[in-house]
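Using this note's numbering, read the sequence shown as starting at 1 and increasing by one per residue. Ideal placement from N, C-alpha and C gives every residue a C-beta, glycine not left out. Some notes on the structure that comes next.
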Amino acid sequence: MERESMEFDVVIVGAGPAGLACACKLAQICQQQHEPNVSICVVEKGSEVGAHILSGALFETTALDELFPDWQTMDAPLTTKVSSDEFLYLTTEYNHVRLPHFVTPKTMRNSDQSYVMSLADLCRWLAKQAENLGVEIFPGFAAASVNYDENGAVIGVITSDMGLDKTGNQKANFEPGIALNAKYTIFAEGARGHLGKDLIKHFKLDEGKQPQHYALGIKEIWELPEDHPHNNAGEVIHGLGWPLNETHTTGGSFLYKLGNNQIAIGLITDLNYHNPYLSPFDEFQRLKHHPAFSKHLLGGQRIAYGARAIAKGGLNSLPKQQFPGGLLIGCDAGTLNFAKIKGCHTAMKSGMLAAEAITHALNAGNQRHFEPDYESLFKASWLYEELEQSQNFCATIHRFGNVAGGVINSFEQNIWVPLFKRAAPWEMEDPHPDHVRIIDQSRCAPITYPKPDGVLSFDKPSSVFLSGTQHEENQPCHLKLTDPSIPIETHLPKFGEPAQRYCPAGVYEVIVIDAVPRFQINAANCVHCKTCDIKDPSQNITWCPPEGGGGPNYRNM
Numbered sequence: 001m002e003r004e005s006m007e008f009d010v011v012i013v014g015a016g017p018a019g020l021a022c023a024c025k026l027a028q029i030c031q032q033q034h035e036p037n038v039s040i041c042v043v044e045k046g047s048e049v050g051a052h053i054l055s056g057a058l059f060e061t062t063a064l065d066e067l068f069p070d071w072q073t074m075d076a077p078l079t080t081k082v083s084s085d086e087f088l089y090l091t092t093e094y095n096h097v098r099l100p101h102f103v104t105p106k107t108m109r110n111s112d113q114s115y116v117m118s119l120a121d122l123c124r125w126l127a128k129q130a131e132n133l134g135v136e137i138f139p140g141f142a143a144a145s146v147n148y149d150e151n152g153a154v155i156g157v158i159t160s161d162m163g164l165d166k167t168g169n170q171k172a173n174f175e176p177g178i179a180l181n182a183k184y185t186i187f188a189e190g191a192r193g194h195l196g197k198d199l200i201k202h203f204k205l206d207e208g209k210q211p212q213h214y215a216l217g218i219k220e221i222w223e224l225p226e227d228h229p230h231n232n233a234g235e236v237i238h239g240l241g242w243p244l245n246e247t248h249t250t251g252g253s254f255l256y257k258l259g260n261n262q263i264a265i266g267l268i269t270d271l272n273y274h275n276p277y278l279s280p281f282d283e284f285q286r287l288k289h290h291p292a293f294s295k296h297l298l299g300g301q302r303i304a305y306g307a308r309a310i311a312k313g314g315l316n317s318l319p320k321q322q323f324p325g326g327l328l329i330g331c332d333a334g335t336l337n338f339a340k341i342k343g344c345h346t347a348m349k350s351g352m353l354a355a356e357a358i359t360h361a362l363n364a365g366n367q368r369h370f371e372p373d374y375e376s377l378f379k380a381s382w383l384y385e386e387l388e389q390s391q392n393f394c395a396t397i398h399r400f401g402n403v404a405g406g407v408i409n410s411f412e413q414n415i416w417v418p419l420f421k422r423a424a425p426w427e428m429e430d431p432h433p434d435h436v437r438i439i440d441q442s443r444c445a446p447i448t449y450p451k452p453d454g455v456l457s458f459d460k461p462s463s464v465f466l467s468g469t470q471h472e473e474n475q476p477c478h479l480k481l482t483d484p485s486i487p488i489e490t491h492l493p494k495f496g497e498p499a500q501r502y503c504p505a506g507v508y509e510v511i512v513i514d515a516v517p518r519f520q521i522n523a524a525n526c527v528h529c530k531t532c533d534i535k536d537p538s539q540n541i542t543w544c545p546p547e548g549g550g551g552p553n554y555r556n557m
């Protein structure tokens, strides 16, 4: 197939905080070194920058302070500082206890130097700064595959073909994808990036590492009347316990007062859970009925919904990030600090370090597709120090649960790390990938979830509608089954086909036609959370990008 090609010095895949911070830092360095001719391109699969961005989000300004020291005078969308911070243990569906600060890990305490904000808004702001610095940004173009040279080095990416029908045949408006060639390509796709998976396998970047671990974050935004009694901008609440503790599942909940009469509420469910009957979506609907949360929502209106996988394994799961021709950064690699439940500042810093590494490679006159030295910069940075100090956090929770694991983590973060400036000498590991932890349905009691009341709890179709998700219907299914027989012949009798429940968007269904069960994929519902790619027990589902521009259209998530 004849493809157009475009040549750049650097191509960045993904306009999230890591990719955009990398683009801005790279352009800044080029200006400082009087190298205005270095060409930088950012390709983004969302219809616009921010369309596919979802985060809590509590934001620590550490990296932003370095990237734009005068951001406070540049109309950055950070206006709501944390005004109060509570940590609750939900003991039952009606009761809770407030945990004192000395019990809570220091990493989870939020000072008035942290902000509650929309990450999508911050990314749109970063995109403007990047464009002002001369960076080219192409939204609506999904990078479908990695381009390798004859020696196996990365030489760029190819964007997805546009205008294919469901059977893969060309429609009248067919346009082949474009080859974006670069001296260096930086991958910043977010958690469980499909190209990141390819790169990790191709270069064996995860050898000697424990598997990456993930959680599913589901989030809604509610709008309150101005006279609502709980309309307190900057208020932060985190919760543990109910409802996930009823199935011995780890995770947690959050509620952030964003300002502008809006609240963000969500549930994070660790994807190493055992019970195939568990539905993270329905657990979230239950959560909103707890009195500790319902009092903040009653009288308000739900205006947005979304979901996204979170890479939470930390330093012990972090693959090698450099390879011939490029780098893997941000949540595509897994730089989120789960001990803080924050990943925006760490993603940005990894992007800024990547910009320095690429600049050194370009300045050294190295041949195209040389392996940039990111590792030495990373290990000398505060990013490495922060991830090293919390490297045990995730595995401790996985091994001992929220309560006992929380006590161990509190001791480490509140006593050991302040004294010794490093992680405790014990090395916590979780060597089991999340998808293998699910067990046979015969060993679990079915879970009956209450019907949504339309006031606090809702169904999946109405939720997906609020995500703004749209896909071209007549295109190849972007959710690929390696073996189409596995869902019905293997997963249905053994696990009750859990894709029906772990997907937060109603993509997967088992329907019965003439007494014969069939597996149905409603790909148009997909919010690109990547949960199916992670949790499928047989690793039978592969998420691939649909036509560029398809998917959710988040405005302020």
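- Relative to residue 400, the option among 250, 328 and 166 whose CA is nearest is 250.
- Rounded to whole angstroms, the Cβ separation of residue 58 and residue 256 is 7 Å, and the two are in contact under 8 Å.
- The Cβ-Cβ distance between residue 319 and residue 93 does not fall below 8 Å.
- Residue 238 places its beta carbon less than 8 Å from that of residue 87.
- For residue 541, the closest alpha carbon among the candidates 518, 486, 496 and 551 is that of 486.
- Per DSSP, reduced to three states, the secondary structure at residue 409 is helical.
- Here residue 365 is exposed, its C-beta having fewer than 16 other C-beta atoms within 10 Å.
- Shortest Cα-Cα distance from residue 420 to any of 447, 396 and 390 involves 390.
- Annotation for residue 496: 276, 277 and 441 place their beta carbon closer than 7 Å to its own, counting only its chain and skipping 5 residues before and after.
- Between residue 218 and residue 554, the gap from beta carbon to beta carbon reaches 8 Å or more.
- One alpha carbon belongs to residue 104, the other to residue 363, and they sit about 46 Å apart.
- When secondary structure is reduced to three states using DSSP, residue 388 falls in the helix class.
- Assignment of residue 78 by DSSP, reduced to helix, strand and coil, places it in the coil class.
- One Cα belongs to residue 346, the other to residue 84, and the distance between them is close to 23 Å.
- Ranked by Cα distance from residue 274, the options 9, 535 and 336 are led by 535.
- In the assembly as shown, residue 430 is a buried residue. Its beta-carbon has 16 or more other beta-carbons within 10 Å.
- Judged by DSSP secondary structure, residue 31 falls within the alpha helix (DSSP H) whose first and last residues are 17-32.
- In this structure, the beta-carbon distance from residue 214 to residue 483 does not fall below 8 Å.
- Here the alpha carbon of residue 46 sits roughly 7 Å from the alpha carbon of residue 551.
- In this structure residue 505 is in contact with residue 464, their Cβ atoms being roughly 5 Å apart against a cut-off of 8 Å.
- With a beta-carbon spacing of about 13 Å, residue 254 and residue 241 fall beyond the 8 Å limit used to define contacts.
- Within its own chain, the residues whose Cβ lies closer than 6 Å to the Cβ of residue 321, once the five positions on either side in sequence are excluded, are 327, 328, 333 and 374, listed in chain order.
- With contact defined as three or more Cβ pairs closer than 8 Å, the stretch 30-41 and the stretch 133-141 are in contact.
- The beta-carbon separation of residue 285 and residue 457, rounded to 4 Å, stays under the 8 Å limit for a contact.
- If you draw a 10 Å sphere on the C-beta of residue 291, you find fewer than 16 other C-beta atoms in it, and that means exposed.
- DSSP assignment within the stretch 74-139 yields the following whole alpha helix (DSSP H) runs of 4 residues or more, N-terminal first: 119-132.
- In the three-state reduction of the DSSP assignment, residue 352 falls in the helix class.
- Counting every other CB atom within 10 Å of its CB across the protein chains shown gives residue 173 a total below 16, marking it as exposed.
- In the DSSP assignment, the residues bridged to residue 542 are 480.
- Residue 327 carries a strand assignment under DSSP once its states are collapsed to helix, strand and coil.
- Collapsing the DSSP output to three states places residue 142 in coil.
- Counting only residues of its own chain and dropping the five nearest sequence neighbours on each side, residue 63 has a CB closer than 6 Å to the CB of 345, 348 and 349.
- Pairwise C-beta distances place the stretch 105-125 in contact with the stretch 9-21, as three or more of them are shorter than 8 Å.
- The DSSP-derived three-state label of residue 422 is coil.
- Following the DSSP letters along the chain, one finds residue 47 in no alpha helix (DSSP H), marked with neither H nor E.
- Between the alpha carbons of residue 537 and residue 110 lies a distance of about 37 Å.
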